[in-house]
Amino acid sequence: MPAEAMDIDHMETPLTAEQIKAEANQEYKAGNYAAAVDLYSQSIKLEPTNATYYGNRSAALMMIKKYSDASKDCLTAVRLDPAFVKFGKEERSKLQKEEMKRKRDHRK
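If you read the sequence shown in numbering that gives the first Met the number 0, its first letter stands for residue 0, the second for the next number, and so on.
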């Protein structure tokens, strides 16, 4: 189901954050990263302390080259759940490499 078709504020039987995350995961797998970001954001709205949602949104944001936002979500995931430390280090490393590449390309 496309992200724009889901309006969690006006549904008769609201979906759970996990159900929305499952839809977001499908959008991500299909390469619809912006739709995935929107859906992960809806999950976060329902459960703002779930580190997984921030981690997943971070990955989707990276795919659409929103590195600053991805970095913020990555750090939030680590803050909410210290078990995300490994994930956070790996993602920050990727983000730093992408940012350096972008700066190099911009100078050319």
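We treat Cβ as the ideally placed atom computed from N, Cα and C, and that holds for glycine.
- The straight-line gap separating the alpha-carbon atoms of glutamate 11 and lysine 93 is approximately 41 Å.
- Three or more Cβ pairs closer than 8 Å define a contact, and the region 73 to 86 falls short of that threshold against the region 95 to 102.
- Less than 8 Å separates the beta-carbon of leucine 60 from that of valine 36.
- Straight across, the Cα-Cα distance linking threonine 15 with lysine 96 is about 36 Å.
- Judged by DSSP secondary structure, threonine 75 falls within the alpha helix (DSSP H) whose first and last residues are 66 to 79.
- In this structure, the straight-line span from the alpha carbon of leucine 38 to that of glutamine 25 is close to 10 Å.
- Using a 10 angstroms sphere on the CB of lysine 20, the tally of other CB atoms reaches 16 or more, which defines it as buried.
- Residue environment analysis places arginine 56 among the buried positions, since at least 16 neighbouring C-beta atoms fall within 10 angstroms of its C-beta.
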